[in-house]
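*Asks:* Dropping a structure here in structure tokens format, bear with me for questions.
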Amino acid sequence: MPARILDGNKIRDEILSELRTEIDALKKAGIVPGLAAVLVGENPASQIYVRSKVKTCESLGLFSEKITPAATSTTEEMLALVDQLNKRDDIDGILVQLPLPPQVDSKKVLEAVSPAKDVDGFHPVNIGYLVSGRPGLVPCTPAGVMEIIKRSGTPLKGARAVVVGRSDIVGKPTAMLMMHEHATITICHSRTRDLPGVAREGDILVAAIGKAAMVTGDFIKPGAVVIDVGQNVLKTAEEVKKIYHDPTEALKKLEAKGQVLIGDCQPEDAMEKAGAFTPVPGGVGPLTITMLMVNTVKAARERRGKTQ
Ligand code: NDP
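Its first residue numbered 6, the sequence shown is counted upward by one per residue in my numbering.
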């Protein structure tokens, strides 16, 4: 039987509808949650990300402000900007879109963001809260992975969960969150021995690697829940043919759009072996911005002293 599709768009809609109720309640109390999105320079991917974050804020009736310092900005100028945003009462969340230009000390800038407004969940204080299982602002993509797992009714208690990837923004926080829900976790990386064998132990397998279709059928325990965080782009017919067993549909997509988005899992293998699978696109992707909105509302509620 093919895997059950875990539909990220549907889960996004559910969460946004719940969030709208909460935003309405805050508005009745005179609070409009606000997000400042700081975009430095002209990186096209960053421009797209910031645009869709601002657009989502608007569609929810949140206040948002896009701030675009010059590409030549210094670390000191960025620190001064963050300081201003930290002090503004109408701004609940500060998002500094990465990457910053090379002359800017990104770590210093991210650490200057007030932990109470750190809606990306990257500040060491929030990372500390996450590790120790205390409430705080959680990084958006891992929070989205957890929503998919929970809302799809996937049991975590006592489950074996394997995360491939140990980045600070995806792999590590996802593993921590699953551990707090009583899963037994294994974190794999580029030096893991017998990666397919270790991955196959997972009742839940999370792939956050950044390598197109690396997770093939031999990584997947039959019936496992497979969460594919990867977002990779294929641009040529050769790449498509190399990856897909039946490339017909993907080649049509390539023809129509000039590229094919693919995750870290080989999708045909995952559909055949997994019990449930998040497609790419339409799986984890839609949850990342959604959880940024959730974090902004949460930051507003907590900083301005209103409980749900
Ligand atoms: P990073 O490059 O920061 O981390 C990748 C991790 O994968 C590293 O821990 C690395 O190991 C591991 N890895 C790389 N190659 C191998 C290999 N051959 N075998 C085993 N492990 C390997 O990536 P991110 O965590 O930032 O992102 C991961 C993926 O998720 C990317 O495709 C990215 O585009 C996507 N992503 C998607 C988001 C979404 O909204 N859906 C949001 C954020 C990311 P090591 O540490 O040893 O180098």
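For each residue, glycine too, the CB sits at the ideal point set by N, CA and C.
At a Cβ threshold of 8 Å, is Gly222 touching chain C?
*Replies:* Note that chain C does not occur in the displayed structure, where there is just one protein chain.
*Asks:* Residues around the ligand NDP, please: the condition is that the C-beta lies closer than 5 Å to some non-hydrogen atom of it.
*Replies:* Those residues, listed in chain order, are Thr146, Gly170, Arg171, Ser172, Val175, His194, Ser195, Ala213, Ile214, Gly215, Val234, Gly235, Gln236, Val289, Gly290, Thr293.
*Asks:* Going by Cα to Cα distance, which pick from Val130, Gly222, Gly288, Pro49 is closest to Glu206?
*Replies:* Taking only the C-alpha atoms, the option nearest Glu206 is Gly222.
*Asks:* Given His194, which residues of its chain have a CB within under 6 Å of its CB, disregarding the five upstream and five downstream residues?
*Replies:* So the list reads Arg171, once near-sequence residues are dropped.
*Asks:* Less than 8 Å separating the beta-carbons of Val55 and Gln102?
*Replies:* Cβ atoms of Val55 and Gln102: closer than 8 Å.
*Asks:* List the DSSP bridge partners of Cys193.
*Replies:* According to DSSP, which records beta bridges pairwise, Cys193 is partnered with Val169.
*Asks:* Quick test of your reading: Val289 and Val234, contact by CB under 8 Å. State the CB separation rounded to the nearest angstrom.
*Replies:* The pair is a contact, with the Cβ atoms about 5 Å apart (cut-off 8 Å).
*Asks:* Given this structure, state the Cα-to-Cα distance separating Pro107 from Gly287, to the nearest angstrom.
*Replies:* About 33 Å.
*Asks:* Using the Cβ count rule (16 or more neighbours within 10 Å means buried), how would you classify Met6?
*Replies:* Label assigned to Met6: exposed.
*Asks:* Among Ile36, Ala255, Ile10, which residue has its Cα nearest to the Cα of Gly158?
*Replies:* Nearest option by C-alpha distance: Ile10.
*Asks:* If you compare alpha carbons, which of Asp208, Gln264, Ala242, Glu273 is closest to Met219?
*Replies:* Closest option to Met219, Cα to Cα, is Glu273.
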